[in-house]
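Q: The structure follows.
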Amino acid sequence: MGYWQLLKPERRAATAKRRVAISELGAGLFEVSVTLFLLITVAVYSMQTTLAAFQAQNWSVIQTMTDAQASIETAFAQRWIYGQIASSGRWPVYPNFASSTVTAGQTPGGPVNVEVRRTCHVNNDPVSGLQSYLLESYVTYTNGNRSYCKLSKVVRTQ
182 MGYWQLLKPE RRAATAKRRV AISELGAGLF EVSVTLFLLI TVAVYSMQTT LAAFQAQNWS
242 VIQTMTDAQA SIETAFAQRW IYGQIASSGR WPVYPNFASS TVTAGQTPGG PVNVEVRRTC
302 HVNNDPVSGL QSYLLESYVT YTNGNRSYCK LSKVVRTQ
């Protein structure tokens, strides 16, 4: 056997192994790419689901805060001294209104600011001499792209 005859089969075997290794590297790269794509898809879906749940929770927290603000307005209207309703300026006679911005609370996204508009309807009965006030407070706020309004009405009669 000659020297070249001994090396020839080994060269062929080495070349064949190298060709198999190159094709396996391409398959490995493809598998890694597909795995990475699937992993990113699952991560994006999980993030969207988490954000949707957080937004729903944030909406209910803001609803609770604005309900509390409307209750505070009702309590003010019920406890305000009757003789000072007209002179206080807190509830101007309709169509005028008093407007103020109030911080209703704090969420992880920031403070919840609401606008409170107050007005009053005066009703005088000339026969009985009865005077009554309809005190209205409108609590308006925005959450995302939507605007909401809550109304508090209290009738005071003397």
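So for the sequence shown, my numbering puts the first residue at 182; every next one is plus one.
Cβ coordinates follow ideal geometry from the N, Cα and C atoms, glycine included.
Note that this is a predicted model, so its numbers are computed, not measured.
1. Would you be able to state if there are at least three C-beta pairs under 8 Å between the region 220-228 and the region 290-308?
2. Give me the residue from ALA258, GLN265, GLY291, GLN339 with the minimum Cα distance to GLU317.
3. Which residue comes first and which comes last in the alpha helix (DSSP H) that contains SER313?
4. Along the chain, where does the alpha helix (DSSP H) containing ILE266 start, and where does it finish?
5. In the structure shown, what three-state DSSP assignment does TYR329 receive?
6. Using alpha carbons as the reference points, say which of LEU315, SER313, LEU332 lies closest to TYR322.
7. So what's VAL274 in DSSP terms, helix, strand or just coil?
8. So what does DSSP say about MET339, is it helix, strand or coil?
9. Give me the Cα-Cα distance between SER281 and SER214, rounded to the nearest whole angstrom.
10. Using DSSP with H/G/I as helix, E/B as strand and the rest coil, what is GLY209?
11. Using the C-alpha atoms, what's the distance from LEU217 back to ALA224?
12. In terms of residue numbering, what span does the beta strand (DSSP E) encompassing VAL293 cover?
A: With the structure as the only source:
1. no
2. ALA258
3. Segment 311-324 is the beta strand (DSSP E) holding SER313; no alpha helix (DSSP H) there.
4. 266-269
5. strand
6. LEU332
7. strand
8. Contrary to the premise, residue 339 reads as Gln rather than Met in this sequence. Reduced to three states, the DSSP call for GLN339 is coil.
9. 57 Å
10. helix
11. 10 Å
12. 291-306
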